[in-house]
Every structure is written in structure tokens, then in C-alpha cells.
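Encoded as C-alpha cells, the structure appears first; notes follow it.
Numbering (the numbering used here), first residue to last: 77 to 465.
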């Protein structure tokens, strides 16, 4: 399996001081170090080299076929200037929502009302009392004059975690019954949900109206008949990000993620590679003390060993939502984080960078985890890719 060369180095564990990490980075000729920390758990110091990975469409296509991540450094940097006003407005929107403002009220004010009024009618705003992470869901119909052309579109604002000191949130756009929608069943409504995203967050055009990106993705996927659907606008805040996961949706080929403001750190690899690393880690004798400390409960430790030592059980276990042992290993173990970084699965995204995340099926998909690297919130776009052929 071919991989893009990573330029990120794991310098030292989380117990290392900032001064020590800085000295280590200088000695290795690297950029200033950054602490990987999310939801109160520090995983270590990392630093990037001065040279960014090269972009090669053939390599990107091979990585996509292998369900591995691929980074396009600076690919949309030239588009940021023309969208800077919209990006700054979206960051102000994030700040107001994070401070407690109602999303629907904000969307009824300028400039959002003017951009949606001609094509979308706001129907209602609600909150699912059974979803503690939901902030608000705003429902729309798409209209052409007096005719409804696509009904029950929605924008759902949600927190990314339950942590009080993590203000990370996202705006997700789709249609149908939230949580039960079959996104591949109705391409017309899927398209109108994408248009709603464009109206509320015009910086979406950085991905969706980008001829150079369209041509590159055509070379990667072998077709230019593509649409960007199931769109999410992310605001990763300090101490925030996303735990290890995949983004499988029926009918989708994968995800294009663009960093617009701020920086994020990533660990990303094919599911098969992640399984290899889990098995290698738990069967390394020198890691037993690490696992004893990470999983002091004997039952949880046995659960990890039983799952990880059987390939099919591990494959299924990764797809379970409540596998405590795997969750702790993947998201809260500095030594496992270091192993993944040392194997070349670490990336840092700056404004204008893109990462491609293929999602073929549950067995062939890019698993990934994300960290905010700054002391201020950033903005990014995460758009699924669908074939229109």
C-alpha cells in the first residue's frame, strides 16, 4: 500500500515542557512544536518539517484506491482572499452561537436572510431533547416562486463534544428525518441541501466552484461527473477536534476537507492500516505497562486483548459506538499516537490545505482523528463526494 510522505514528527510525550520541546525541534531543524491536546487529554508534542508534501495526482489516485488519506498542501490557498469576508463573517457567527445566540434568529438577520429569501423558506427551528450535543435544527423548503421544489431540508448546529471547555461545533446540511435520512435516495433534495449551504456559507465555493479542484478530483476518481453533497462547516476550537472515526454514507465516494482558517493536526490512515497498528501495539511486550496504566480495569483490558487479537472481531469492534477499550487506545494513549506518527500517518493542515478521505465501504475507508492546534477557533469545510454519472 503506497503512502504519501509525512513531514510531521512526534517529538516527545505530553510530560515534556514547552521549552524542552522547542529545543528538540530546533535541534532537528523542524518548525516550532505544537502540543496535541483534545478534551483534556494531551498526547504529545509534534513538529513539522519546512518542506510540504508534494502533490501528485497519480499518487492521490493510488492512495484513494487503497482507502488512505492524501493531503494537497496549499491547493485552495489562492481562493482564500476572495472569500475572506465570508470566512470572517462565519467566524463571527460561530462566536455568537457559542455564546448562546439562537441560530434561527441569526439566520433571519442580514446577510443570511438576503441570501436565502429568494430560494429558501425557513419553516421552523427545533431542538432534539434526546440529543445533548444538538444546539438547534433549522428546517427549510426550497421554493421557486410559489412552488415548493424540495421539502424538509435542514441545517443542524451541534457541539462536537460534551466538554465544557471545548466550544467546537459544526453546521451540518441534509434533508429528511434527522438521523434516519437515506442521503443516496434523493439526489434532487441532496442538491438543494448543498445549495442551502452555499447560501448560508458562501465560502463553500472554495471547494464546490473550483475548476482546478474539479479537474484534480477527476484525475483521482476517473470521472469529472461529481457533486459535493452532505456538507458540514466545522469550527474546531481550542481543546477540541474529532475523535477517531470514519464518514461512510451510502452512495458517497469519500470526503474532501478544506482548512480555511486556523490549523488542525490529523492522524489518518486506511482502516486496514489502523487494525495492523492496533495489533502490533498490543502485542509488543514493552507496551504492557502502558496498557495496564491506560486500562486499569482488568475486564476492559481483557476486552481489548480479546477484540484486537481476532481480526474480524477488531474489524467489527471499530464500528461499534461503545467499545470502551478501543476508544481509550485510539484517543487517549500517547504511546499509540506516537506509533501512528512514527509510521507516517500524521498531517498538519494550514489555511488553504486539503485532505482527501476515501470512504468506499466499512472495510475500505480512511479513519481519522482531528486536533485544533491554535488558541483560537478555526473554520473548515467537509464535503462528501458523489458520482453523478
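Glycine residues also receive a C-beta, built at the ideal position from the N, C-alpha and C atoms.
**Asked** Any chance the stretch 278-286 sits against the stretch 154-171, with 3 or more Cβ pairs inside 8 Å?
**Response** yes
**Prompt:** Which one or two residues does DSSP pair with residue 110 in a beta bridge?
**Reply:** For the purposes of this step, residue 110 is taken as the residue at position 34 of the chain shown. Per DSSP, 122.
**Request:** Measure the alpha-carbon distance for residue 131 versus residue 200 and round it to whole angstroms.
**Result:** To locate residue 131, count along the chain shown from 1; it is residue 55. To locate residue 200, count along the chain shown from 1; it is residue 124. If I take the Cα positions, the gap works out to 45 Å.
**Message:** Ignoring anything shorter than 4 residues, give me the alpha helix (DSSP H) runs that lie fully in the stretch 80-105, in order along the chain.
**Reply:** 94-103, all fully within the stretch 80-105.
**Asked** Going straight from the alpha carbon of residue 419 to that of residue 88, what length do you get?
**Response** Here the question's residue 419 lines up with position 343 in the chain shown. Here the question's residue 88 lines up with position 12 in the chain shown. One C-alpha to the other measures close to 15 Å.
**Asked** When you compare only the Cα positions, how much space is there between residue 191 and residue 223?
**Response** Locating residue 191 in the chain shown gives position 115, where the first residue counts as 1. Locating residue 223 in the chain shown gives position 147, where the first residue counts as 1. Whole-angstrom Cα-Cα distance: 19 Å.
**Message:** In the DSSP assignment, the beta strand (DSSP E) including residue 459 goes from what residue to what residue?
**Reply:** Sequence index remark: in the chain shown, residue 459 carries index 383 (1-based). It spans 455-463 - the beta strand (DSSP E) in which residue 459 sits, taken as one unbroken run.
**Item:** Nearest to residue 237 (by Cα), restricted to the options 345, 226, 252 and 310
**Value:** Residue 237 sits at position 161 when you count from the first residue of the chain shown. Answer by Cα proximity: 310.
**Message:** How far does the alpha helix (DSSP H) with residue 191 in it extend, from its first residue to its last?
**Reply:** If you number the chain shown from 1, residue 191 lands on position 115. It spans 188-192 - the alpha helix (DSSP H) in which residue 191 sits, taken as one unbroken run.
**Pair within 8 Å by beta-carbon distance, residue 348 and residue 312** = Residue numbering aside, residue 348 sits at position 272 when the chain shown is read from its first letter. Residue numbering aside, residue 312 sits at position 236 when the chain shown is read from its first letter. Between residue 348 and residue 312, the gap from beta carbon to beta carbon reaches 8 Å or more.
**Message:** Going by C-alpha to C-alpha distance, which of 295, 270 and 317 sits closest to residue 303?
**Reply:** Counting from 1 along the chain shown, the entry for residue 303 is found at position 227. Of the candidates 295, 270 and 317, the one whose C-alpha sits nearest the C-alpha of residue 303 is 270.
**Message:** Quick check on residue 152: does DSSP put it in helix, strand or coil?
**Reply:** Against the chain shown, residue 152 aligns to sequence position 76. Three-state DSSP puts residue 152 in coil, outside helix and strand.
**Asked** Grouping DSSP H, G and I as helix and E and B as strand, with all else coil, what is residue 261?
**Response** To locate residue 261, count along the chain shown from 1; it is residue 185. Residue state, collapsed to three classes: coil.
**Same chain, Cβ closer than 6 Å to residue 440, five either side skipped, listed in chain order** = Numbered from 1 along the chain shown, position 364 holds the residue referred to as residue 440. These residues qualify, in order along the chain: 143.
**Request:** Starting from residue 185, trace the beta strand (DSSP E) both ways and give me its first and last residue.
**Result:** Mapped onto the chain shown, residue 185 falls at position 109. Where residue 185 is concerned, there is no enclosing beta strand (DSSP E), given that its DSSP letter is neither H nor E.
**Request:** Evaluate residue 323 with the Cβ neighbour count: other Cβ atoms within 10 Å of its Cβ, from every protein chain shown; 16 or more gives buried, anything less gives exposed.
**Result:** Position 247 of the chain shown, counting from 1, holds the residue named residue 323. Buried, by the Cβ-count rule.
**Request:** Buried or exposed for residue 438, please, with buried defined as at least 16 other CB atoms from any protein chain shown within 10 angstroms of its CB.
**Result:** Along the chain shown, one-based indexing puts residue 438 at 362. With fewer than 16 Cβ atoms within 10 Å of its Cβ, residue 438 is classed as exposed.
**Prompt:** Do residue 457 and residue 140 have their C-beta atoms within less than 8 Å of each other?
**Reply:** If you number the chain shown from 1, residue 457 lands on position 381. If you number the chain shown from 1, residue 140 lands on position 64. Cβ distance not < 8 Å, so residue 457 and residue 140 don't count as in contact.
**Message:** Report the CB separation of residue 413 from residue 119 in whole angstroms; it is logged as a contact under 8 Å.
**Reply:** Along the chain shown, read from residue 1 onward, the residue named residue 413 stands at position 337. Along the chain shown, read from residue 1 onward, the residue named residue 119 stands at position 43. About 4 Å separates the two Cβ atoms, so the contact holds.
**Item:** Within the stretch 402-460, ranges of the beta strand (DSSP E) (whole runs, at least 3 residues)
**Value:** Fully enclosed beta strand (DSSP E) runs of 3 or longer: 422-425, 430-437 and 440-448.
**Message:** What would DSSP say about residue 349, mapped onto helix, strand or coil?
**Reply:** Position 273 of the chain shown, counting from 1, holds the residue named residue 349. Looking at residue 349 - three-state DSSP - the assignment turns out to be helix.
**Asked** Cβ atoms of residue 459 and residue 317: under 8 Å apart, would you say?
**Response** Mapped onto the chain shown, residue 317 falls at position 241. Mapped onto the chain shown, residue 459 falls at position 383. The answer is no: Cβ separation not under 8 Å.
**8 Å Cβ shell around residue 399 - same chain, five flanking residues per side excluded** = Residue 399 sits at position 323 when you count from the first residue of the chain shown. These residues qualify, in order along the chain: 379, 383 and 393.
**Asked** Since residue 26 is in the alpha helix (DSSP H), which residue starts that stretch and which ends it?
**Response** Nothing in the structure corresponds to residue 26, since the chain is present only between 77 and 465.
**Request:** Specify, as a first and last residue, the run of the alpha helix (DSSP H) that residue 294 falls within.
**Result:** For this step, residue 294 is matched to residue 218 along the chain shown. Residue 294: member of the alpha helix (DSSP H) spanning 287-297, first to last residue.
**Prompt:** When the Cα atoms are used, what is the spatial distance from residue 386 to residue 402?
**Reply:** Position 310 of the chain shown, counting from 1, holds the residue named residue 386. Position 326 of the chain shown, counting from 1, holds the residue named residue 402. Between residue 386 and residue 402, the C-alpha separation is close to 14 Å.
**Request:** Name, in chain order, the residues that DSSP records as bridge partners for residue 317.
**Result:** What you label residue 317 is simply residue 241 of the chain shown in a count that begins at 1. Answer is 447.
**Request:** Report the option in 410, 450 and 134 whose CA atom is closest to the CA atom of residue 91.
**Result:** The residue given as residue 91 occupies position 15 in the chain shown. Residue 91 has its Cα closest to that of 410, out of 410, 450 and 134.
**Request:** Answer yes if the stretch 284-293 comes into contact with the stretch 203-213, meaning at least three C-beta pairs across the two stretches below 8 Å, and no otherwise.
**Result:** no
**Asked** Of the residues 276, 170 and 462, which one's Cα is nearest the Cα of residue 452?
**Response** As a working note, residue 452 is residue 376 in the chain shown. Residue 170 is the option with its Cα nearest to residue 452.
**Asked** Alpha carbon to alpha carbon, what distance is there between residue 240 and residue 234?
**Response** As a first step, residue 234 is located in the chain shown; it is residue number 158 there, counting from the start. As a first step, residue 240 is located in the chain shown; it is residue number 164 there, counting from the start. So the alpha carbons of these two residues sit roughly 14 Å apart.
**Prompt:** To which residues of the same chain is residue 354 closer than 6 Å at the C-beta, ignoring the five residues directly before and after it?
**Reply:** What you label residue 354 is simply residue 278 of the chain shown in a count that begins at 1. So the qualifying residues of the chain are 384.
**Prompt:** Between 252, 136 and 125, which lies nearest to residue 291 when the distance is taken from Cα to Cα?
**Reply:** Your numbering for residue 291 matches position 215 in the chain shown. Comparing Cα-Cα distances from residue 291 to each of 252, 136 and 125, the minimum goes to 136.
**Message:** Looking at the strands, I want to know which residues DSSP matches up with residue 223.
**Reply:** Here residue 223 refers to the residue found at position 147 when the chain shown is read from its first residue. DSSP links residue 223 through a beta bridge to 220.
**Request:** Name, in chain order, the residues that DSSP records as bridge partners for residue 343.
**Result:** Taking the first residue of the chain shown as 1, we reach residue 343 at position 267. Paired residue(s): 422 and 445.
**Request:** With DSSP as the reference, please indicate the residues paired to residue 337 in a beta bridge.
**Result:** Here the question's residue 337 lines up with position 261 in the chain shown. Answer by DSSP bridge pairing, in chain order: 455.
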